[in-house]
Amino acid sequence: MAILNLIEKSVDCCFAFLPRKKPDKNVLSEVCLIAHRGAHDKKLQLIENTDAAFERALALGCWGIELDIHATADGVLVVNHDPTLTRLWGKDLAIRDLSFTALRKLVPTLPSLAEVIDRYGKRLHLFIELKAPFTQEAALISTLRPLTPCIDYHLLSLNEPLFASCSKLPREVMLLVAAHNNVTQFCQLSLKRCYAGVLGHYLLLNNNKINQLRSANQRVGVGLVDSKFGLYRELNRGLHWVFSDNVSLLRSCLQELETGNRV
């Protein structure tokens, strides 16, 4: 994994400095900027997947946010990328072993999915990643009740069997997230099983795969795009769903394209 991360960062660096043609202004109105785990920022001490990160995404004019959910011991869906509290919160405890009350006492700023929906539902498009194993379909359906599928949210997973096990959720709301070794497989599965589409790394989702998905009216999204020239590349390819860990920079790039002035 460390080697893959190094390769990915090297690719990002190359693409960040490779000049691209400026996109046509006509495409700017179609761009959907999505803050990956919210608009978190270490320099600003804004932690990923928290209310502060989601609020900043809204303030920056993002169209959507990506977030990750796990279930507590008593079945409450909460927002955190990792299954444990170790990396972000310095507590060597698993979310699944804690009640929501106990979790909230330990980490008061870790939000529940219901709280995120109450505050940001219908204001931001929610891309909700389900982490395997996932056995809380009924709780998820209940929590999502205030929202309209596809219009207000989509569900994400890197694990296709997880989606296959969800019998009561509509497939047209499910987006497969491809890794480096299964892009072709996930594109084929999405087409065969009528999922909503595929998300993946901008380099791995080539034009041929994008066209195949679009011909079936399926969605395509790319990430993580964190540079001006990276953004230009995706807009020139006609991609509108752009996931980023640096939405502040991309918002400035879009404003520059709109006004013609450097910001």
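According to UniProt numbering, the stretch in the sequence shown is residues 1 to 263, in order. Glycine residues also receive a C-beta, built at the ideal position from the N, C-alpha and C atoms.
Check, Outcome
"Start-to-end residues for the alpha helix (DSSP H) that takes in R123", "Looking at the DSSP string, R123 is not in any alpha helix (DSSP H), and its letter there is neither H nor E."
"Option in V177, L254, R237, D226 with minimal Cα separation from F17", "D226"
"Span of the alpha helix (DSSP H) around R87", "86-89"
"Length of the line joining the Cα atoms of L144 and M174", "14 angstroms"
"Buried or exposed (CB count within 10 angstroms, at least 16 for buried), E30", "exposed"
"Cβ shell of N159 (< 6 angstroms), same chain only, five flanking positions each side left out", "A132"
"From A39, C62, A179, residue whose alpha carbon lies closest to that of K122", "C62"
"Coarse secondary structure for G230, derived from DSSP in three states", "helix"
"Unbroken alpha helix (DSSP H) run spanning V11, endpoints", "2-17"
"D51: first and last residue of the uninterrupted alpha helix (DSSP H) it sits in", "51-59"
"Terminal residues of the alpha helix (DSSP H) in which V247 lies", "247-259"
"Simplified DSSP state of F186, which is helix, strand or coil", "helix"
"Segment contact, 8 angstroms Cβ cut-off, at least three pairs: the segment 40-47 with the segment 232-241", "no"
"Among L98, S112, G221, I210, the one whose alpha carbon lies nearest that of G200", "G221"
"First and last residue of the uninterrupted alpha helix (DSSP H) at S165", "160-165"
"Sequence-distant residues of its chain with Cβ nearer than 8 angstroms to Q136 (five each side left out)", "A71, G75, L77"
"Member of F134, F186, I69, T148 whose CA lies at the smallest distance from the CA of S165", "F134"
"Contact check, L113 vs V242, beta carbons under 7 angstroms", "no"
"Identity of the residues DSSP links to C62 by a beta bridge", "Partner(s): none; C62 has no beta bridge."
"R251 versus L60: straight-line alpha-carbon distance, rounded", "7 angstroms"
"C-beta atoms of L88 and I128 nearer than 7 angstroms", "no"
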